[in-house]
Amino acid sequence: MGEDGPGSKMWNAFCSMCVGMVVFPLSLYLLGSNEQQYMCTHKSIIFADQKSKVIQCDQPDLADGIAFMSCPIKEDSLMTFNGVSFGATGIGNAIHFKSAAAAMKAEMFQCVEYSKEEKIGNTSVKVYSYKMEWKDSLIDVYKFSWTAQAITARDYGCPGLTPGQGGHIWPSNVPRGTVQHYAPEVRAGPLIIDSELMRGGYASGLSINFATPVNLNEFRGSFEGFDQLPMTKLVQSMIQPAAHHASNWYTQVVKNPVFTNAGAGGAGGPASHPGGHHPAPHHGRRLFDFTNPFGHTVKTMDMSSVGPHNAAIDGSGTYVITCQQQRIGCIRIQFFKNWDTIVTMVSAVQGGSTLPVDVPSSWGCGTDKFQALEGGEESKSSFFSMMEESNTSTTWMMRVFGLLLTWAAVCRNRAWPFGTTEPLRKTIGKP
Numbered sequence: 001m002g003e004d005g006p007g008s009k010m011w012n013a014f015c016s017m018c019v020g021m022v023v024f025p026l027s028l029y030l031l032g033s034n035e036q037q038y039m040c041t042h043k044s045i046i047f048a049d050q051k052s053k054v055i056q057c058d059q060p061d062l063a064d065g066i067a068f069m070s071c072p073i074k075e076d077s078l079m080t081f082n083g084v085s086f087g088a089t090g091i092g093n094a095i096h097f098k099s100a101a102a103a104m105k106a107e108m109f110q111c112v113e114y115s116k117e118e119k120i121g122n123t124s125v126k127v128y129s130y131k132m133e134w135k136d137s138l139i140d141v142y143k144f145s146w147t148a149q150a151i152t153a154r155d156y157g158c159p160g161l162t163p164g165q166g167g168h169i170w171p172s173n174v175p176r177g178t179v180q181h182y183a184p185e186v187r188a189g190p191l192i193i194d195s196e197l198m199r200g201g202y203a204s205g206l207s208i209n210f211a212t213p214v215n216l217n218e219f220r221g222s223f224e225g226f227d228q229l230p231m232t233k234l235v236q237s238m239i240q241p242a243a244h245h246a247s248n249w250y251t252q253v254v255k256n257p258v259f260t261n262a263g264a265g266g267a268g269g270p271a272s273h274p275g276g277h278h279p280a281p282h283h284g285r286r287l288f289d290f291t292n293p294f295g296h297t298v299k300t301m302d303m304s305s306v307g308p309h310n311a312a313i314d315g316s317g318t319y320v321i322t323c324q325q326q327r328i329g330c331i332r333i334q335f336f337k338n339w340d341t342i343v344t345m346v347s348a349v350q351g352g353s354t355l356p357v358d359v360p361s362s363w364g365c366g367t368d369k370f371q372a373l374e375g376g377e378e379s380k381s382s383f384f385s386m387m388e389e390s391n392t393s394t395t396w397m398m399r400v401f402g403l404l405l406t407w408a409a410v411c412r413n414r415a416w417p418f419g420t421t422e423p424l425r426k427t428i429g430k431p
């Protein structure tokens, strides 16, 4: 391939310069706004620090003003969360727990499509692969590729997913993904803390701990026994010869199945297998016609809704699950909450309830609404130092980003005069 001509180089340099001309003032605006934000936040923190008074957890008479407090949360003020709190109406009150904030995460075991470009000679070909994974959103299988390579790869990576199955169906009474909620209010010390302050304000707030799920073992008795859940076929990934691998068909492999010579349509299996008991790893059957040797059929597994009648608590005690083994269409649900028992906060107080501090305007800064809360016990000095450090760290990160953006813009502006001198000389024929 030949070298780009003078006109092409000039055009590329001109486009680069135009980008630089747009990015340069934006980067300067970003740097200036960042410094202003730092100054105004610092002013609000200092104002709240100077004006706030420390109140005791057992203080009976509380005057209106600006207060700093570090006190235990009163357990009887915590909200009781259950399935209905998150839209899981089928679970209802079968699971319930108290917290200031909580979340529910629902996932489905689904077939996921991946693709990548591969070079075959001078041709670029898209190659597909498939895996079964837990996903918190619904994957539309009808948008999957239907090339011969994709179909073969799908049969290997997602055995059991066929057009006859109709794709993934999300239960109607379970919201997809993660749903979070805060209690309307909680009480700590002599104060009533509203949900807005619980979210943190200028601090971290009563965050939901997604690393530690709620233990559900105490609710086992409210659900179907785990061993009573449908035990679907154990499908292994295999690829049949092309002549026998038509659409809608795949290889069934069942752990120790028993097929008897019960005749056509009999409960024991196909009439084409005389000889009584017969482990059969090679039978090709349509998914929605396959009878599970453990007494359940895929066709009758209704996952249109999830509730105690068709779900159980898994062995770990952290999931509500709808299948004994992972298979396409299984649902699992986890619950999370905030585990803090003490809050540290600063806010205005009026009538025993919290509300934001009104910070007056000053040169370069408008009025501000300031309040801050985090879980755990802190002294006043360490709490305000933490907020100052957070403000400084955020400012420095934006400084570095803004300076890099400014440097990139300057380099692009240099492309026009310096990137096109030689092509111009060649074009006009000057030495």
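Quick note on numbering: the sequence shown equals residues 1 to 431 in UniProt numbering.
Note that the Cβ used here is the ideal one computed from N, Cα and C, for glycine as well.
No experiment lies behind these values; they were computed from the predicted model shown.
Can you give the Cα-Cα distance for Cys-411 and Trp-396, rounded to whole angstroms?
-> 23 Å
Using 8 Å as the Cβ pair cut-off and three pairs as the minimum, do the segment 82-91 and the segment 110-118 touch? no
Residue range of the unbroken beta strand (DSSP E) whose run includes Gly-201:
From DSSP, Gly-201 is part of no beta strand (DSSP E); its letter is neither H nor E.
Quiz item: Where in the segment 300-341 do unbroken runs of the beta strand (DSSP E), each at least 3 residues long, occur, reported from the N-terminal end onward?
Solution: 331-337
Taking the Cβ atom as the reference point for each residue, do Val-343 and Ile-193 lie within a distance shorter than 8 Å? yes
Identify, in the order they occur along the chain, each residue of the same chain with its Cβ nearer than 7 Å to the Cβ of Val-179, setting aside the five sequence neighbours on each side.
-> Phe-86, Gly-87, Ala-103 and Met-104
Exercise for the section: For the beta strand (DSSP E) holding Asp-194, just list the boundary residues, first then last. Expected result: 191-194
Ser-145 by DSSP, collapsed to three states: which one? coil
Who are the Cβ neighbours of Cys-15 in its own chain at under 7 Å, not counting the five residues just before and after it?
none
Compare the beta carbon distance of Cys-330 and Thr-341 with 8 Å and say whether it is the shorter of the two. no
Checklist line | Status (buried if at least 16 other CB within 10 Å, exposed otherwise) for Gly-266 | finding: In this prediction, Gly-266 has a pLDDT of 39, which is less than 50 and means its spatial position is unreliable; nothing more can be read from the coordinates.
Quiz prompt | CB contact flag (Ala-94, Val-174, <8 Å) | solution = no
Problem - Complete beta strand (DSSP E) runs within the segment 340-399 (minimum length 3 residues, chain order) - result: 342-350, 353-355, 357-359, 368-370 and 372-375
Between Tyr-114, Val-125 and Met-108, which has its C-alpha nearest Lys-131's C-alpha?
Tyr-114
Exercise for the section: Check whether the segment 362-377 touches the segment 49-65, counting contact only when three or more Cβ pairs, one atom from each stretch, lie closer than 8 Å. Expected result: no
Q) Roughly how many angstroms separate the alpha carbons of Gly-205 and Leu-78, rounded to a whole number? A) 15 Å
Just how far apart, CA to CA, sit Ile-55 and Phe-24?
50 Å
Q) Span of the beta strand (DSSP E) holding Pro-112? A) The question names Pro, yet the displayed sequence has Val at residue 112. Element bounds for Val-112: 101-120.
**Nearest residue (CA-CA) to Phe-336, options Val-349, Ile-139, Gly-317 and Asp-140** = Gly-317
*asked:* Taking 8 Å as the threshold (C-beta atoms), are Leu-28 and Thr-394 in contact?
replied: no
Check your understanding: Out of curiosity, what's the CA-to-CA distance linking Asp-76 and Ser-381?
Key -> 30 Å
Express the C-alpha separation of Arg-176 and Met-108 in angstroms, rounding to a whole number.
9 Å
**Asked** According to DSSP, what are the bridge partners of Asn-209?
**Response** Lys-337
I need the boundaries of the beta strand (DSSP E) containing Ile-169, first residue and last residue. Looking at the DSSP string, Ile-169 is not in any beta strand (DSSP E), and its letter there is neither H nor E.
In three-state DSSP terms, what is Val-19? helix
Query raised in the report: How close, in whole Å, do the beta carbons of Ile-139 and Val-112 come, if the pair is a contact with beta carbons under 8 Å?
Result: 6 Å
| request: Would you grab the beta carbon distance between Ile-45 and Glu-389 for me? Rounded to a whole angstrom, and I think it's under 8 Å. | output: Wrong, their Cβ atoms sit about 11 Å apart, outside the cutoff.
Check: How many Å lie between Met-198 and Lys-74 at the Cα?
Finding: 14 Å
#### Entry: Paired residues, beta bridge with Asn-82 - DSSP
His-96
Self-check item: Span of the beta strand (DSSP E) around Ala-67
Solution: 65-72
> Where does Val-186 fall in DSSP's three states?
Replying inline: strand
Next on the checklist: I need the DSSP call for Trp-410, collapsed to helix, strand or coil.
Outcome noted: Reading off the sequence shown, one finds Val at residue 410, where the question assumed Trp. Reduced to three states, the DSSP call for Val-410 is helix.
Member of Gly-157, Ser-195, Glu-218 and Leu-161 whose CA lies at the smallest distance from the CA of Leu-355 | Ser-195
What distance in whole Å lies between the Cβ atoms of Ser-305 and Ser-172, which are believed to be in contact at a cut-off of 8 Å? 6 Å
Discussion item. Can you tell me where the beta strand (DSSP E) holding Thr-123 begins and where it ends?
Written reply: 123-135
| query | What three-state label does DSSP hand Thr-41 in the structure shown? | reply | helix
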